[in-house]
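What follows is one structure encoded as structure tokens, with my remarks underneath.
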Amino acid sequence: MNVMETAKRRRDLLQLLREADRPLTGTDLAARFNVSRQVIVQDIAILRSAGQMILATPQGYVFPSLPEESWVRKTIACQHSREDIEKELGIVVDHGGRVLDAVVEHPVYGELRGSLMISNRRDVRFFVSHLEESGANPLMALTGGVHLHTIEAPDEETLSEILEALGREGFLIR
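Residue 78 in the numbering used here sits at position 87 of the sequence shown; the count goes up by one each step and never skips.
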């Protein structure tokens, strides 16, 4: 493949991500551009190094939209078992919120952040099933279940309801 074709594919890839209304998987993108998934991973890495804000989520690649101005955002500290991941995420989305990430503090690497972008029950089920099928450990496994989430809600009242529900389940660290 020549340099012109590679540059065009990367421009087209970026445009496709900007216009997408859902995350796009590396496999789907590879099929669309008739290249291997590894080529797409490399293209994404090069686009990121050029300053493009492409996120890799469990559902696929996304070009993040700006947060809705009226939404409120908060970082919360949580602790629970692996078995409670679905329940924790479900509480947030069932109350109308979004879980943007999971963060842990590693003793060697410092802050480790995983982009989640979970906004509905379908996203929760996909994340949990992908975690189970892959055999991977969640980030919280590194810290005995302690982790942070950045969550968003449409207003302060909804955010308070989310925090109350998480607190009732004993998930919040206060």
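No residue lacks a Cβ here, since even glycine has one placed at the ideal position from N, Cα and C.
Pick out whichever of the options has its Cα sitting closest to the Cα of residue i.
| i | options | result |
| --- | --- | --- |
| L179 | I82, R89, T134 | Past the boundaries of the shown model lies residue 179; the chain is included only from -8 to 165, so the question cannot be answered. |
| T66 | D92, H121, D19 | D92 |
| V95 | T141, A21, T149 | T141 |
With respect to the alpha helix (DSSP H) encompassing residue i, which residues constitute its N-terminal and C-terminal limits?
| i | result |
| --- | --- |
| Q6 | -6 to 10 |
| I61 | The sequence given here places Ser at residue 61; Ile does not occur at that position. That residue, S61, is in no alpha helix (DSSP H); it is neither H nor E in DSSP. |
| S165 | Checking the sequence, you will find Arg at residue 165 rather than Ser. Here R165 belongs to no alpha helix (DSSP H), and DSSP marks it neither H nor E. |
| V115 | 112 to 125 |
| D92 | Per DSSP, D92 belongs to no alpha helix (DSSP H); it is in the beta strand (DSSP E), 89 to 97. |
| L38 | 28 to 40 |
At the level of alpha carbons, what is the spacing between residue i and residue j?
| i | j | result |
| --- | --- | --- |
| L80 | V90 | 7 Å |
| R39 | V53 | 12 Å |
| E143 | R112 | 15 Å |
| G51 | V115 | 14 Å |
| D146 | I153 | 11 Å |
| V137 | M131 | 6 Å |
| D12 | P55 | 10 Å |
| Q27 | G105 | One detail in the question is off: residue 27 reads as Ser in this sequence, not Gln. The straight-line gap from Cα to Cα measures roughly 24 Å. |
| D19 | R9 | 16 Å |
Check whether the Cβ atoms of residue i and residue j sit closer than 7 Å, and answer yes or no.
| i | j | result |
| --- | --- | --- |
| G17 | V32 | yes |
| L139 | A68 | yes |
| H121 | P49 | yes |
| F24 | R2 | no |
| H71 | F162 | yes |
| I82 | L157 | yes |
Within 10 Å of its beta-carbon, does residue i have 16 or more other beta-carbons around it, so buried, or fewer, so exposed?
| i | result |
| --- | --- |
| I37 | exposed |
| G88 | buried |
| M44 | exposed |
| V119 | buried |
What residue range does the beta strand (DSSP E) around residue i cover?
| i | result |
| --- | --- |
| T16 | From DSSP, T16 is part of no beta strand (DSSP E); its letter is neither H nor E. |
| S106 | 101 to 109 |
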